[in-house]
Amino acid sequence: MSTDPTAARRAEPAPEGAEQAAPRGIRLPTEFPPAPEHSRLAERLAACRAQGRPALIGFLPVGYPSTDESIAAAIELGRAGADIIELGVPYSDPVMDGPVIQEATAMALARGFRVDELFRAVREITAATDAVVVVMTYINPVLRRGVDRFARELAEAGGAGIITPDLVPEEAEQWFAASAAHGLDRIFLAAPSSTTQRLEMISRASSGFVYAVSVMGVTGAREKVSDAAEKLVADLRAAGAPAVCVGLGVSRGEHVEQIGAYADGVIVGTALVRALGEGGPEAVGALTRQLAGREPDGHDPAEPASGTAADTVPSTAPRDPQAPSGESRR
Numbered sequence: 092m093s094t095d096p097t098a099a100r101r102a103e104p105a106p107e108g109a110e111q112a113a114p115r116g117i118r119l120p121t122e123f124p125p126a127p128e129h130s131r132l133a134e135r136l137a138a139c140r141a142q143g144r145p146a147l148i149g150f151l152p153v154g155y156p157s158t159d160e161s162i163a164a165a166i167e168l169g170r171a172g173a174d175i176i177e178l179g180v181p182y183s184d185p186v187m188d189g190p191v192i193q194e195a196t197a198m199a200l201a202r203g204f205r206v207d208e209l210f211r212a213v214r215e216i217t218a219a220t221d222a223v224v225v226v227m228t229y230i231n232p233v234l235r236r237g238v239d240r241f242a243r244e245l246a247e248a249g250g251a252g253i254i255t256p257d258l259v260p261e262e263a264e265q266w267f268a269a270s271a272a273h274g275l276d277r278i279f280l281a282a283p284s285s286t287t288q289r290l291e292m293i294s295r296a297s298s299g300f301v302y303a304v305s306v307m308g309v310t311g312a313r314e315k316v317s318d319a320a321e322k323l324v325a326d327l328r329a330a331g332a333p334a335v336c337v338g339l340g341v342s343r344g345e346h347v348e349q350i351g352a353y354a355d356g357v358i359v360g361t362a363l364v365r366a367l368g369e370g371g372p373e374a375v376g377a378l379t380r381q382l383a384g385r386e387p388d389g390h391d392p393a394e395p396a397s398g399t400a401a402d403t404v405p406s407t408a409p410r411d412p413q414a415p416s417g418e419s420r421r
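For the sequence shown, the working numbering assigns the number 92 to the initial residue and increments by one for each residue that follows.
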């Protein structure tokens with residue numbers, strides 16, 4: 092990982108069948124640090140697997156529509172059934188995100204988002220729910236903060252790992268060192284166009300899980316899950332991935348069921364961000380219960396009723412009339 096923010100290049104998928112070569116002067120790594128000794132991601136995924144279901148992973152950007160409301164929405168997400176919460180760091184050039192998430196993060200930045208708010212969000216969410224919290228961030232905000240400092244502050248706040256969509260293993264030396272020093276999982280992305288050699292490298296470099304991009308392109312809710320997803324998951328398993336979670340295009344309960352038949356986890360983002368913009372934290376909770384297969388009161392029909400309704404978190408900020416309305420990726 093370069094210490095110069097301008098040196099972090101984006102990991103754009105190679106054309107189908109083409110090998111992704113390392114940049115000139117960069118040696119392809121053959122060994123990577125071990126996974127954290129007590130990986131909360133691995134433990135949560137194993138627990139979901141033991142229950143015969145995939146982990147439900149929900150994405151929300153911090154700071155949209157406001158920091159308070161994004162925290163309230165994430166808490167509602169966790170209480171309504173998400174096993175893992177993925178917090179997005181707003182960034183000025185989110186090239187891998189579609190319009191819904193781009194607009195949401197642009198609004199967060201316009202309102203003055205600062206990275207300190209991310210760590211506050213992680214602390215409050217982990218204190219209020221039992222969901223495992225990870226961060227998805229482009230690498231430049233990490234470089235600006237300082238790689239080791241970012242990792243340390245995330246771990247101290249209760250975070251479990253980082254998803255780095257524009258960082259490739261051969262440029263991640265500093266991130267490997269920081270993640271190992273602070274017990275964080277490192278999640279890299281794999282695309283349908285990735286070659287066998289690259290899938291093997293990504294699988295060895297990742298801990299917790301590999302993020303399988305089900306379609307080529309940017310994030311966005313879709314009517315149909317890509318047929319490429321199942322093959323990519325199988326290829327990653329064959330390559331030795333610790334676990335595989337699928338994102339991009341998931342928006343309905345049937346998508347979760349379909350992907351869950353072959354993947355360890357299902358990642359939902361755009362649909363949740365849209366729900367937050369249109370109806371606040373309560374709408375996020377309602378959609379999450381639907382995706383998790385729970386009844387409207389939060390009860391899991393597979394479990395005996397406890398007699399108590401699920402906790403809810405009221406909106407802590409006014410609704411935003413400028414809520415994003417377009418399509419996006421996750």
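The beta-carbon is built from N, C-alpha and C at its ideal position, and this holds for glycine as well.
Can you grab the Cα-Cα spacing for the pair Ile358 / Ala171, in whole Å? 15 Å
Starting from Ala199, trace the beta strand (DSSP E) in both directions and tell me its first and last residue. Note, Ala199: premise wrong, no beta strand (DSSP E); alpha helix (DSSP H) at Pro190 to Ala201.
Taking 7 Å as the line, does the beta carbon of Ala199 fall inside it for any heavy atom of the ligand ATP? The model depicted lacks the ligand ATP and carries no ligand whatsoever.
Alpha-carbon to alpha-carbon, Pro156 and Gly368: 7 Å
Whole-angstrom Cβ separation of Ala248 and Val213, contact assumed at under 8 Å? 4 Å
Through-space distance from Arg243 to Gly237, alpha-carbon basis: 10 Å
Simplified DSSP assignment, three categories, for Val304: strand
Whole angstroms are fine: how far does the CA of Thr220 sit from the CA of Pro283? 34 Å
Rounded distance between the beta-carbons of Ala354 and Pro145, thought under 8 Å: 6 Å
What ranges does the alpha helix (DSSP H) occupy inside the segment 247-286, keeping only unbroken runs of at least 4 residues that lie completely in it? 264-273
From Asp207 to Val225, what distance separates their C-alpha atoms? 15 Å
Can you tell me whether Ser342 is buried or exposed, with buried defined as 16 or more other CB within 10 angstroms of its CB? buried
Comparing alpha-carbon positions, which option in Ala334, Gln381, Ala251 and Lys322 lies nearest Leu52? Missing from the structure shown is residue 52; the chain here goes from 92 to 421 and no further.
From Leu280, Ala296, Met227 and Gln142, residue whose alpha carbon lies closest to that of Tyr302: Leu280
Can you tell me the Cα-Cα spacing of Ile278 and Gly154, whole angstroms? 23 Å
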